Amino acid sequence: MSVTSRFKDSSQRLVSRFGTLRKYKRKTGEVYDVDTQMNVESFTEYEIKIYKAEPKEREIKSPNLVNKEVAVMMVAAADLPSAPVVGDIISDKTPNTTEVFRVEVISEHWAGDSVSAYKLICSSSYRDWE
């Protein structure tokens with residue numbers, strides 16, 4: 613087993629072990645609704661394990677993250693059918709709390725010639741997701 617495949621497998625195992633089940637929602641397009649005569653957004657939703665971490669100080673100094681609650685989410689690349697996109701929504705619904713985050717910045721972690729994990733810097737200012 614090569615170092616590349618061990619690193620790729622370990623990133624998936626760590627997210628699976630320490631992450632929590634969250635909903636990952638991606639906008640797939642817009643569809644015209646004849647009844648309302650408006651374009652309606654369509655979404656694809658996945659339930660995957662995501663590890664939430666606290667951001668480093670340099671990560672929250674981006675101009676689009678000023679005065680927002682920021683969190684870092686780690687996602688194993690194997691859990692997503694395609695690469696994440698800025699604007700995707702991550703939510704965690706528990707009986708007492710609802711956390712909704714919008715992906716703002718994406719970093720890829722490579723293992724050899726393929727992506728093993730994504731580091732998503734998210735803001736919690738986005739609320740209109742349902």
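The sequence shown begins at 613 in my numbering and counts up one residue at a time.
Where a beta carbon is used, it is the ideal one built from N, C-alpha and C, also for glycine.
The structure presented is a predicted model; accordingly, all values stated were derived computationally and were not measured.
Check: So, helix, strand or coil for asparagine 679, using DSSP?; Outcome: coil
Check: For alanine 690, which residues of its own chain have a beta-carbon under 7 Å away from its beta-carbon, when the five flanking residues on both sides are left out?; Outcome: Gln624
Check: Taking only the alpha-carbon atoms, compute the straight-line gap between alanine 723 and isoleucine 701 and give it to the nearest angstrom.; Outcome: 26 Å
Check: Under a three-way DSSP split, which group does leucine 692 fall into?; Outcome: coil
Check: State the Cα-Cα distance for the pair tyrosine 730 and methionine 650, rounded to the nearest angstrom.; Outcome: 35 Å
Check: How long is the line joining the alpha carbons of tryptophan 741 and tyrosine 658, rounded to whole angstroms?; Outcome: Note that tryptophan 741 scores a pLDDT of 45, beneath 50, so its modelled location is shaky and nothing firm can be said.
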